[in-house]
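A.B. asks:
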Amino acid sequence: MAAETGTPTTLTLKSNDDELFSVAESAAILSVTIRNMVEDGCAGGVIPLDNVDGKTLASVITYMNGISAIPADEEKKKSYRDKFLSDKDFETLADMVLAANYLNMSCLMDAVSAKIAQVMEKKSVGWVRRKFGIENDYTPEEEAAVKEEHKWTFEGVETDDDN
Amino acid sequence: MSEEIDAEFQSKMKLDNDRINRLPDDILVAILSFLSPIEAARTSVLSSRWINLWKHTSSLKFDAYIGRAVDATANRKKLSEVERGKFVNRVNFVLQSHEAVTLNEFIIRYDISGSDKRRYDDYTLRVDEVTQWLEYASAKKVPILELNFSPKYDESLSYPGLTCAFPHEFLTRSTSVDFTPLKALTLKYIDVDGGAIEFFLRNCPLLEELTVHESKELSDVSVCGTSLVLKHLEICYCRDLKCVRLHSPSISTLKSTMSTGFPHEQLKVVKFCGYRAREIHVRLARYFLENFVNIEKLIIDPRPFFFTEQIPPVSSIPIENVRSRSREQLGAEVPERVELVIL
Numbered sequence: 001m002a003a004e005t006g007t008p009t010t011l012t013l014k015s016n017d018d019e020l021f022s023v024a025e026s027a028a029i030l031s032v033t034i035r036n037m038v039e040d041g042c043a044g045g046v047i048p049l050d051n052v053d054g055k056t057l058a059s060v061i062t063y064m065n066g067i068s069a070i071p072a073d074e075e076k077k078k079s080y081r082d083k084f085l086s087d088k089d090f091e092t093l094a095d096m097v098l099a100a101n102y103l104n105m106s107c108l109m110d111a112v113s114a115k116i117a118q119v120m121e122k123k124s125v126g127w128v129r130r131k132f133g134i135e136n137d138y139t140p141e142e143e144a145a146v147k148e149e150h151k152w153t154f155e156g157v158e159t160d161d162d163n
Numbered sequence: 001m002s003e004e005i006d007a008e009f010q011s012k013m014k015l016d017n018d019r020i021n022r023l024p025d026d027i028l029v030a031i032l033s034f035l036s037p038i039e040a041a042r043t044s045v046l047s048s049r050w051i052n053l054w055k056h057t058s059s060l061k062f063d064a065y066i067g068r069a070v071d072a073t074a075n076r077k078k079l080s081e082v083e084r085g086k087f088v089n090r091v092n093f094v095l096q097s098h099e100a101v102t103l104n105e106f107i108i109r110y111d112i113s114g115s116d117k118r119r120y121d122d123y124t125l126r127v128d129e130v131t132q133w134l135e136y137a138s139a140k141k142v143p144i145l146e147l148n149f150s151p152k153y154d155e156s157l158s159y160p161g162l163t164c165a166f167p168h169e170f171l172t173r174s175t176s177v178d179f180t181p182l183k184a185l186t187l188k189y190i191d192v193d194g195g196a197i198e199f200f201l202r203n204c205p206l207l208e209e210l211t212v213h214e215s216k217e218l219s220d221v222s223v224c225g226t227s228l229v230l231k232h233l234e235i236c237y238c239r240d241l242k243c244v245r246l247h248s249p250s251i252s253t254l255k256s257t258m259s260t261g262f263p264h265e266q267l268k269v270v271k272f273c274g275y276r277a278r279e280i281h282v283r284l285a286r287y288f289l290e291n292f293v294n295i296e297k298l299i300i301d302p303r304p305f306f307f308t309e310q311i312p313p314v315s316s317i318p319i320e321n322v323r324s325r326s327r328e329q330l331g332a333e334v335p336e337r338v339e340l341v342i343l
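From first to last, the protein sequence lines stand for chains A and B. Numbered by UniProt numbering, the letters in the first sequence go through residues 1 to 163 in order. Numbered by UniProt numbering, the letters in the second sequence go through residues 1 to 343 in order.
1) Against chain B, does I70(A) count as a neighbour if the rule is that its beta carbon must be under 9 Å from one of theirs?
2) In three-state DSSP terms, what is D110(A)?
3) With DSSP run on the structure shown, which of helix, strand or coil describes N148(B)?
4) Hey, is the region 141 to 150 of chain A in contact with the region 39 to 52 of chain B, meaning 3+ C-beta pairs nearer than 8 Å?
5) What did DSSP end up calling L210(B) once you bin it into helix, strand or coil?
6) Please confirm if N21(B) has its CB atom under 9 Å from at least one CB of chain A.
7) Just the Cα atoms here: how many angstroms apart are E320(B) and R276(B)?
8) From K76(A) to E149(A), what does the alpha carbon distance come to, in whole angstroms?
9) Since A41(B) meets chain A, which of its residues come closer than 9 Å, beta carbon to beta carbon?
10) Please return the same chain residues whose Cβ sits closer than 7 Å to the Cβ of K216(B), not counting the five positions on each side in sequence.
11) In chain B, which residues lie with their C-beta within 7 Å of the C-beta of D137(A)?
12) Could you list which residues in chain A have their beta carbon closer than 7 Å to that of S44(B), in chain order?
13) Is there at least one Cβ from chain B nearer than 9 Å to N101(A)'s Cβ?
14) For chain A, check one thing: does any of its Cβ atoms lie closer than 9 Å to the Cβ of D111(B)?
15) Under 8 Å Cβ to Cβ from T10(A), same chain only, skipping five residues before and after it: list those, please.
16) Is there a Cβ of chain B sitting closer than 9 Å to that of M105(A), yes or no?
17) Taking DSSP's pairing of strands, which residues face P48(A) in a bridge?
18) Any beta-carbon of chain A closer than 9 Å to the one on F34(B)?
19) Determine the burial state of S156(B): buried for a count of at least 16 other Cβ atoms within 10 Å of its Cβ, exposed for fewer.
20) Using the C-alpha atoms, what's the distance from K242(B) back to D220(B)?
21) Please state the DSSP three-state secondary structure of E339(B).
22) Taking the straight line between their C-alpha atoms, what separation do you get for K55(A) and D87(A)?
23) What does R84(B) touch in chain A if you count any residue whose Cβ is under 7 Å from its own?
24) With a threshold of 16 other CB atoms inside 10 Å of the CB of E214(B), please say whether the residue is buried or exposed.
25) Pull up the distance between the alpha-carbon of C107(A) and that of A285(B), whole angstroms please.
26) Quick check on DSSP: helix, strand or coil for K255(B)?
27) Classify R283(B) as helix, strand or coil using the three-state DSSP reduction.
28) Quick one: is E333(B) near chain A, going by C-beta distance under 9 Å?
29) Counting only Cβ-Cβ distances shorter than 8 Å, please list the residues of the region 118 to 137 of chain A near chain B, keeping chain order.
30) Quick one: which chain B residues come within Cβ less than 9 Å of L98(A)?
31) Note down, one range per segment and in chain order, each beta strand (DSSP E) of at least 3 residues found wholly within the region 181 to 229 of chain B.
32) With the cut-off set at 9 Å, would you say S176(B) and F106(B) are in Cβ contact?
33) Round the Cβ separation of residue 348(B) and L185(B) to the nearest angstrom and send it over; I've been treating them as touching at under 8 Å.
34) Mapping DSSP to helix, strand and coil, what is I295(B)?
35) Among S124(A), M105(A), K131(A) and A100(A), which has the Cα closest to the Cα of K89(A)?
36) Does DSSP classify S138(B) as helix, strand or coil?
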């Protein structure tokens with residue numbers, strides 16, 4: 001282990017588009033998936049991450065390094081996460097949430113999920129459909145019925161700002 | 001040319017338009033867990049895929065003040081009777097509809113004191129409703145439970161807020177009551193007694209945080225046990241609190257408005273609420289410094305709050321004077337290893 005030898009152990013991660021990344025084991029084990037591999041002794045060579053592309057993996061590794069450099073201070077970690085996610089577009093966030101889920105990184109998963117939820121907050125159904133490209137597959141009758149049933153959820157909805 | 005751009009735009013839109021649909025249901029549910037249950041339920045209308053997703057979220061966090069009004073000034077006003085009744089109905093409707101087997105957190109923040117300061121008997125929350133919520137928390141095996149009925153948005157409040165009765169018999173009544181997974185418990189404006197606190201300590205081996213505010217029934221609390229993993233204990237604004245016995249190996253933060261007799265070596269942070277620079281307060285602060293041998297931080301909070309003493313919350317001494325006086329009084333006495341913070 002790194003702590004015992006004094007030289008940090010480095011892992012090599014491979015994305016599904018065959019990009020290779022070096023990352024300190026101490027940062028990489030934020031991912032429970034990777035930690036399990038390390039603990040099972042399967043992390044000797046290259047660790048293939050079949051569900052993550054290079055661009056997303058690079059971003060996740062930036063996050064791993066950034067957050068693991070912060071000592072146990074939840075406030076600072078939170079502000080790092082906020083800053084890290086602040087400039088990401090939705091497409092990147094969707095990739096990140098999939099990667100975080102696959103890598104079993106709950107702190108990143110929660111932060112990205114919260115960020116996406118924040119976008120939906122107080123927005124009208126129409127706005128969310130347009131923003132997230134959700135196709136309304138209800139028939140007009142069905143939609144009217146669902147709307148009626150969920151009438152109680154429509155209070156406090158903001159006026160759309162994308163018209 | 002313009003057609004080309006249009007085509008490019010269209011394809012980009014198509015890509016964009018695929019974005020949330022490519023996430024699997026469990027991730028969408030994780031996202032919805034960060035919304036209030038009412039916001040989450042609104043997503044039912046999006047499309048048929050979304051109709052039941054909100055029923056599987058891992059968190060149910062109800063806040064009577066959120067989502068009821070758009071502008072911030074309206075948010076500060078107290079809830080009307082109609083709104084309060086509606087809120088309770090909605091909570092119960094969501095609880096009935098929700099289908100998750102377990103929950104990570106169950107939180108209800110709701111002001112039970114009436115919209116009219118002079119009428120204390122007009123509140124709409126009944127003890128059987130609280131019982132029902134506790135039953136729900138037990139059935140869903142929640143680690144985080146908060147029942148908070150404080151009038152928190154009305155800081156100018158200068159009359160006693162209403163508290164709600166705690167269904168003490170519920171804890172012992174049923175063998176199916178199970179709070180084993182509890183890690184953090186917050187009860188505010190509920191008249192929980194010492195026996196109930198001890199029930200939670202005894203039956204929740206994972207309990208790390210315990211917060212009780214504004215209980216009229218709390219006079220003696222015993223927080224003792226070598227197997228306790230409690231780290232944060234907060235007992236505030238309980239008018240009749242006389243004694244807290246604390247013997248818990250993991251305690252690291254303690255906040256209380258009544259504080260005599262906690263010799264404890266592990267205590268590092270002490271927050272003294274309602275400090276008014278009186279002689280008794282100085283003595284109490286000295287007591288902390290002498291008895292908590294490993295104290296690292298002493299926080300003096302002179303801001304007014306309700307009920308610490310039987311006097312009106314607006315102190316005759318301006319708060320600035322209290323601050324400067326407490327610095328004079330304590331500054332010289334605080335050892336170097338202790339950080340003195342005056343709020």
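For each residue, glycine too, the CB sits at the ideal point set by N, CA and C. Keep in mind it's a predicted model, so treat the numbers as computed, not measured.
C.D. replies: On the basis of the data shown:
1) Taking the first residue of the first sequence as 1, we reach residue 70(A) at position 70. So, not an interface residue.
2) Counted from its first residue, the first sequence places residue 110(A) at position 110. Per DSSP, reduced to three states, the secondary structure at D110(A) is helical.
3) For the purposes of this step, residue 148(B) is taken as the residue at position 148 of the second sequence. It is a strand residue.
4) Short answer: they touch.
5) One-based indexing of the second sequence puts residue 210(B) at position 210. L210(B) falls in the strand class under three-state DSSP.
6) The count along the second sequence starts at 1 and reaches residue 21(B) at position 21. Yes, N21(B) lies at the interface with chain A (some Cβ there is under 9 Å from its Cβ).
7) Residue mapping note: residue 320(B) aligns to position 320 of the second sequence, counting from 1. Residue mapping note: residue 276(B) aligns to position 276 of the second sequence, counting from 1. In this model, E320(B) and R276(B) are separated by some 11 Å (Cα to Cα).
8) Your numbering for residue 76(A) matches position 76 in the first sequence. Your numbering for residue 149(A) matches position 149 in the first sequence. For K76(A) and E149(A), the distance between alpha carbons rounds to 43 Å.
9) On the second sequence, residue 41(B) is found 41 positions in, with the first residue counted as 1. The answer, in chain order, is H150, W152 and T153.
10) As a first step, residue 216(B) is located in the second sequence; it is residue number 216 there, counting from the start. Once the five neighbours on either side are set aside, the close Cβ partners of K216(B) are T163, D191, R239 and D240.
11) The count along the first sequence starts at 1 and reaches residue 137(A) at position 137. What D137(A) touches in chain B: S47 and S48.
12) The residue given as residue 44(B) occupies position 44 in the second sequence. Per Cβ cutoff of 7 Å: V146 and H150.
13) Here residue 101(A) refers to the residue found at position 101 of the first sequence. Residue contact with chain B for N101(A): present (Cβ-Cβ distance below 9 Å to some residue of chain B).
14) Here residue 111(B) is taken as the residue at index 111 of the second sequence, counted from 1. No, its Cβ sits nowhere closer than 9 Å to a Cβ of chain A.
15) Here residue 10(A) refers to the residue found at position 10 of the first sequence. S22, V23, A24 and E25, listed in sequence order.
16) The residue given as residue 105(A) occupies position 105 in the first sequence. M105(A) does not count as touching chain B.
17) Position 48 of the first sequence, counting from 1, holds the residue named residue 48(A). P48(A) pairs with K14(A).
18) Counting from one through the second sequence, the residue named residue 34(B) turns up at place 34. Chain A contact via Cβ: present.
19) Stepping through the second sequence from its first residue, residue 156(B) is reached at position 156. Model confidence at S156(B) stands at a pLDDT of 44, short of 50, so the residue's coordinates are unreliable; what they give is reported in the following sentence. Exposed, by the Cβ-count rule.
20) Taking the first residue of the second sequence as position 1, residue 220(B) is located at position 220. Taking the first residue of the second sequence as position 1, residue 242(B) is located at position 242. Approximately 6 Å between the Cα atoms of the pair.
21) Taking the first residue of the second sequence as 1, we reach residue 339(B) at position 339. DSSP places E339(B) within a strand segment (E or B) once states are collapsed to three.
22) Here residue 55(A) is taken as the residue at index 55 of the first sequence, counted from 1. Here residue 87(A) is taken as the residue at index 87 of the first sequence, counted from 1. C-alpha of K55(A) to C-alpha of D87(A): approximately 15 Å in a straight line.
23) On the second sequence, residue 84(B) is found 84 positions in, with the first residue counted as 1. Below the 7 Å Cβ cutoff, chain A contributes no neighbours of R84(B), its closest Cβ being approximately 14 Å away.
24) Taking the second sequence and counting its residues from 1, the one referred to as residue 214(B) is at position 214. E214(B) is buried by the Cβ-count criterion.
25) The residue labelled residue 107(A) in the question sits at position 107 within the first sequence. The residue labelled residue 285(B) in the question sits at position 285 within the second sequence. A285(B) has its alpha-carbon roughly 39 Å from the corresponding atom of C107(A).
26) On the second sequence, position 255 is the one that residue 255(B) refers to. Of the three classes helix, strand and coil, the one that applies to K255(B) here is strand, per DSSP.
27) Residue numbering aside, residue 283(B) sits at position 283 when the second sequence is read from its first letter. Helix at R283(B).
28) For this step, residue 333(B) is matched to residue 333 along the second sequence. Not a single CB atom of chain A sits nearer than 9 Å to the CB of E333(B).
29) Look at the region 118 to 137 of chain A: the residues with a C-beta under 8 Å from a C-beta of chain B are Q118, M120, E121, K122, V125, V128, R129, F132, G133, I134, E135, N136 and D137.
30) Within the first sequence, the letter at position 98 stands for residue 98(A). Near L98(A) (Cβ distances below 9 Å), the residues of chain B are R22, L23, P24 and I27.
31) Within the region 181 to 229 of chain B, the complete beta strand (DSSP E) runs of at least 3 residues fall at 184 to 188, 209 to 213 and 220 to 224.
32) The residue given as residue 176(B) occupies position 176 in the second sequence. The residue given as residue 106(B) occupies position 106 in the second sequence. It is not a contact, given that the beta carbons lie outside the stated cut-off.
33) Only positions 1 to 343 of chain B appear in this structure, which leaves residue 348(B) out of reach.
34) If you number the second sequence from 1, residue 295(B) lands on position 295. Look at I295(B) here: in three-state DSSP terms it is coil, with no helix or strand label.
35) As a working mapping, residue 89(A) is identified with position 89 in the first sequence. Per the sequence shown, the amino acid found at residue 89(A) is Asp instead of Lys. Nearest of S124(A), M105(A), K131(A) and A100(A) to D89(A), Cα basis: K131(A).
36) Locating residue 138(B) in the second sequence gives position 138, counting from the first residue. In this structure, S138(B) counts as helix in the three-state DSSP scheme.
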